[in-house]
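In full-length UniProt numbering, the protein residues as written are 1 to 116.
In structure tokens, the structure reads:
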């Protein structure tokens, strides 16, 4: 087995380094992804007149991200802006499925087997 010389060992792999940097998510993206499952919790807590500090503490205790109140509010507003009420939550990646099933609709086309 041939030994690698010093030049081969120290040869920089710039392409691999650039690929690693480009594939990495920003810190903000990671925080948003970690906060996203807790949006229903935040919604419910705010409806119940909770302050942000206990909401953040609850999220942290439940395995969520450790955020300051200011950062959590900003990220929550960004999430809400990205997923406005008109959006279909079921199509959103990482979103919990809707608790309300779609309404039952009869099939399209003429009814078969019915005589008038």
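Here a beta-carbon is modelled for each residue, glycine too, at the ideal position from N, C-alpha and C.
Residues of its chain near residue 76, where Cβ-Cβ distance is below 8 Å and the 5 sequence neighbours each way are ignored: Setting aside the 5 residues that flank it on each side, residue 76 is surrounded in the same chain by 35, 39 and 42, each with a C-beta closer than 8 Å to its C-beta; the list follows chain order.
Touch test, the stretch 54-72 against the stretch 24-35, Cβ-Cβ under 8 Å, three pairs minimum: The stretch 54-72, when compared against the stretch 24-35, does touch it at the 8 Å Cβ threshold.
Distance between residue 72 and residue 57 (C-alpha atoms, nearest Å): CA-to-CA, the gap between residue 57 and residue 72 works out to about 11 Å.
C-beta contact flag for residue 45 and residue 55 at 7 Å: yes
DSSP-derived helix/strand/coil call for residue 68: coil
Helix, strand or coil at residue 37 [DSSP, three-state]: helix
Within-7 Å CB hit, residue 71 to chain D: Protein chain content of the structure displayed is limited to a single chain, and chain D is not contained in it.
Beta-carbon proximity list for residue 21, same chain, < 8 Å, skipping 5 on both sides: none
Collapsed DSSP secondary structure at residue 54 in the structure displayed: helix
Alpha helix (DSSP H) segment containing residue 23, residue limits: 14-23
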